[in-house]
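>
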């Protein structure tokens, strides 16, 4: 029998509309809140693992580009749950942000500032923006007799001590998020049972395809 979507879990007569066990794509605020917290917890877990790697001698002594990659990934992954994007809204995680207080809030703001001004964008933090002009002792007679220079100094990573400064905070925020995840899961299930699934709309069979991230020639992204 062909399934019809969208449809409720129970129809107007009270009949249960699911005849075969399956996972369905749904629209529901409580479940969406739970999903947002799960995505955040994954990012925070990755951020902690990467920042722990930045504490190691192997990364500290590796090629500067590898150290820069680890620091960039750690800071950007930590910041993802707290920044706006087309796929997520940080408003769904206001309760997590509200749990970050005191000294932890200071470190949190420090990480977001590093993301905004150094690792994800360029506000000149950690990189020389000097522009210079070299001139000889006499008037130059050709372009080969003077030079235009730009700064070469660039911070590729912040070192082991700074990484060790961030690790306890990352672990603390991950722990807060894990607690929220467990709470949100229980509350979502309780909400569905209490409402008798009346606020659920079944949109189709859930089929999770492997994600891909292609960028088209017009600059648009294909997920």
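In the working numbering, the protein residues as written are 903 to 1125. Even glycine gets a Cβ: it sits at the ideal position worked out from N, Cα and C.
Output yes or no for whether 8 Å exceeds the beta carbon distance between residue 1076 and residue 946.
Result yes, Cβ atoms of residue 1076 and residue 946 sit closer than 8 Å.
> Thinking C-beta only, is residue 948 closer than 8 Å to residue 1006?
Not closer than 8 Å, so no.
> Just to confirm, is the Cβ distance from residue 1110 to residue 940 under 8 Å?
No.
> Nearest to residue 1060 by CA position, among 1004, 916, 1016, 922, is which residue?
Looking at the Cα atoms, 1016 is the closest of the given residues.
> Pick out whichever of 1044, 1031, 1049, 1043 has its Cα sitting closest to the Cα of residue 1037.
Measuring from the Cα of residue 1037, the nearest candidate turns out to be 1049.
> Cutting at 7 Å between CB atoms, please list the residues of its own chain near residue 1101, excluding the five before and the five after it.
Cβ within range, chain order: 930.
> Anyone know if the C-beta pair for residue 1090 and residue 989 falls short of 8 Å?
Result no, Cβ atoms of residue 1090 and residue 989 do not sit closer than 8 Å.
> By alpha-carbon positions, which one of 1044, 1057, 910 ends up nearest to residue 969?
With distances taken between Cα atoms, residue 969 lies closest to 1057.
> Helix, strand or coil: how does DSSP classify residue 1069 here?
Here residue 1069 sits in helix by DSSP.
> Who are the near neighbours of residue 1002 in its chain, counting only those whose CB is closer than 6 Å to its CB and skipping five residues on each side?
Same-chain partners within the cutoff: 1010.
> Leaving out five residues before and five after residue 954 in sequence, what residues of the same chain have Cβ atoms less than 7 Å from its Cβ?
Contacts found: 1069.
> May I ask which residues mark the beginning and end of the beta strand (DSSP E) holding residue 1060?
Where residue 1060 is concerned, there is no enclosing beta strand (DSSP E), given that its DSSP letter is neither H nor E.
> Using 8 Å for Cβ pairs, my map puts residue 1098 next to residue 912. What's the rounded Cβ distance?
Between residue 912 and residue 1098 the Cβ distance is about 7 Å, and since that is below 8 Å, they are a contact.
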